[in-house]
Amino acid sequence: MAKKKELKTNAMRFLDENGVEYNHFEFDAESDAAKTGVGVADIIGRDHNQVFKTIMTTDGKGNYVVGVLMSEDSINFKKLAKAAGVKSLSMLPLKDLTKITGYVKGGCSPFAMKKLFPTFVDEKCREVETIIISAGKVGHQVEVKPEVLEQFIGAQVVDFKAE
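When we follow my numbering, the leftmost residue of the sequence shown carries the number 4, and every step to the right adds one.
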């Protein structure tokens, strides 16, 4: 019987090509529990504080900034804009997400986007040994050390969560 080939997303291939160690989690994205970061953490058996989300923002002038923060936190757009050196930022309209990043809602990874955008990770990443973020496909997550984002995509660690 043929061995089932493991799914590899672009984000996972990026990590493989750069020799980054990671854990891959696959889960039923249609389940009610998978609709929140806390639910995903419960499904995969990890701490809620480890699950992070990727937020794509724009200044409305063709510039894009990636924010990675704990899944249960909200983004402070003013703080992120200041860190990025732009006047203001807002959420990228959902209709533009795939065109700009190559990813869909719920499957947006900071790794292997169509282009390398300025990326910022909230400082809460320093409170955990590893973070769990989208692997680039809905229902798939990867667990990496927070430093991986700094080393391989030039992410900067700053405080940009809403209080």
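The beta-carbon is built from N, C-alpha and C at its ideal position, and this holds for glycine as well.
For residue i and residue j, which I take to be in contact (beta-carbon distance under 8 Å), what is that distance rounded to the nearest angstrom?
i: residue 91; j: residue 62; result: 6 Å
i: residue 163; j: residue 83; result: 4 Å
i: residue 34; j: residue 60; result: With 8 Å as the limit, residue 34 and residue 60 do not qualify as a contact, their Cβ atoms being about 29 Å apart.
Quick one: using the 10 Å Cβ neighbour count with 16 as the cut-off for buried, is residue i buried or exposed?
i: residue 53; result: buried
i: residue 125; result: buried
i: residue 110; result: buried
i: residue 36; result: exposed
i: residue 72; result: buried
i: residue 165; result: exposed
Are the CB atoms of residue i and residue j nearer to each other than 8 Å?
i: residue 12; j: residue 140; result: yes
i: residue 2; j: residue 21; result: Any answer about residue 2 is impossible in this case: the structure gives the chain only from 4 up to 166.
i: residue 136; j: residue 121; result: no
i: residue 74; j: residue 56; result: yes
i: residue 138; j: residue 14; result: yes
i: residue 88; j: residue 78; result: no
i: residue 17; j: residue 47; result: no
i: residue 123; j: residue 68; result: yes
Given this structure, state the Cα-to-Cα distance separating residue i from residue j, to the nearest angstrom.
i: residue 131; j: residue 143; result: 20 Å
i: residue 155; j: residue 58; result: 18 Å
i: residue 103; j: residue 117; result: 7 Å
i: residue 50; j: residue 153; result: 22 Å
i: residue 100; j: residue 107; result: 6 Å
i: residue 76; j: residue 41; result: 11 Å
i: residue 129; j: residue 160; result: 9 Å
*Completely contained beta strand (DSSP E) runs for the segment 10-48, where each covers 3 or more residues*: Listed in chain order, the complete beta strand (DSSP E) runs (minimum 3 residues) inside the segment 10-48 are 26-29.
*asked:* So within the segment 87-113, which uninterrupted alpha helix (DSSP H) runs reach at least 4 residues, ignoring any that extend past its ends?
replied: Fully enclosed alpha helix (DSSP H) runs of 4 or longer: 97-104.
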